[in-house]
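Notes follow the structure.
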Amino acid sequence: MAARGSAAATASFAGALDALFKAGRRRAFSRGEKLIKPGSSTECQILLSGLASIRFGNPAIEVDLLGPGSLLNLGALLKTNENEHLAVALTECETLAFPARLLEQTLSGPRDATLLRYVQERMVQSMRAASCHLNHATDRRLASWLAVATELTGGDEIRITHAALAALLGVRRPTVTLALQMLEGEQAIWSKRGRIIVRDRARLFSRSCRCAESRIDRRRLGWRRVLGQERIASGESSE
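Numbering-wise (the working numbering), the sequence shown opens with residue 14 and increments by one.
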């Protein structure tokens with residue numbers, strides 16, 4: 014009985030998201046562009062492709078890394094329409110944009126519980142990132158970041174500079190360069206100008222802190238699985 018109820022809820026959610034998908038408009042962003050800025054916002058965006066860095070503070074430190082299928086404006090889910098964070102495109106990105114009021118109208122009522130599960134997932138990820146930043150060495154945090162980023166993109170290559178990685182991790186550029194050289198020496202990666210290629214994922218994981226596996230495992234229970242909406246990540250409707 015419970016299984017049938019869960020299936021019905023998922024189907025209801027799928028139909029609701031179809032309505033959002035049809036009403037939204039696609040937006041393209043270049044690497045480095047700001048997707049979301051702190052302050053009030055009446056617009057929501059779902060990431061369809063690419064990587065987005067969620068940053069907080071001054072200087073801004075990364076507190077989460079998002080891939081396709083992620084909602085960039087959590088304030089819309091909480092019906093405040095307030096953003097306390099900055100979202101930056103780490104790669105070329107495409108989003109689906111629509112008015113925040115439409116999200117509230119379409120996904121209100123019984124579906125709120127599913128939305129709150131997603132908010133909880135994002136909160137856990139941010140807390141895990143903060144703990145990792147305080148408690149783990151830079152080389153392990155870097156290895157974890159690369160593991161999560163390549164998991165989200167589904168590939169082995171990330172186009173990013175040493176300076177950009179240093180800003181994300183809150184360290185100096187030479188520190189990142191040294192950590193990358195260590196990973197290269199262990200044949201876990203290749204580091205070229207503006208590009209990092211994972212050579213041996215098992216070795217990369219062996220150098221990362223435990224946060225990498227935990228973050229990846231939790232992401233598999235993230236919004237796309239909760240909603241059963243893999244089409245969001247691929248940019249396709251259910252029709």
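Just so you know, even glycine gets a beta-carbon here, dropped at the ideal spot from N, CA and C. Nothing here was measured: the structure is a model prediction, and the numbers come from that model.
Of the residues VAL132, ASP169 and ARG40, the one whose Cα lies closest to the Cα of GLU105 is ARG40. The residues VAL76 and ASP77, in chain order, have a CB closer than 7 angstroms to that of SER139 in the same chain once the five nearest residues on each side in sequence are set aside.
Selection PHE34, LEU91 and GLY52 evaluated against ARG130 yields LEU91 as nearest (Cα-Cα). Looking only at ILE229, ASP213 and GLN194, the smallest Cα-Cα distance to LYS205 is reached by GLN194. Under DSSP, SER62 shares a beta bridge with GLU107. The region 167 to 177 makes no contact with the region 218 to 226: fewer than 3 CB pairs, one atom from each, lie closer than 8 angstroms. Setting aside the 5 residues that flank it on each side, GLU56 is surrounded in the same chain by ASN86, ALA110, PHE111, PRO112 and ALA113, each with a C-beta closer than 8 angstroms to its C-beta; the list follows chain order. For ALA41, no alpha helix (DSSP H) segment is defined; the enclosing uninterrupted segment is the beta strand (DSSP E) at 38 to 42.
Secondary structure remark: continuous beta strand (DSSP E) runs of at least 3 residues inside the region 135 to 222, in chain order: 202 to 205 and 208 to 211. The three-state secondary structure of ALA102, taken from DSSP, is strand.
In this structure, SER221 lies near ARG153, with their beta-carbon atoms less than 7 angstroms apart.
Taking C-alpha positions only, PHE218 is separated from ILE209 by approximately 15 angstroms. For ALA162, same chain residues with a beta-carbon under 7 angstroms away, outside a window of 5 residues either side, are LEU64, LEU78 and ILE171 in chain order.
Pairing ALA89 with LEU116 gives a Cβ-Cβ distance under 7 angstroms. A direct Cα-Cα distance of roughly 13 angstroms separates ALA73 from HIS146. When the beta-carbon positions are compared, LEU103 and SER66 come within less than 7 angstroms of each other.
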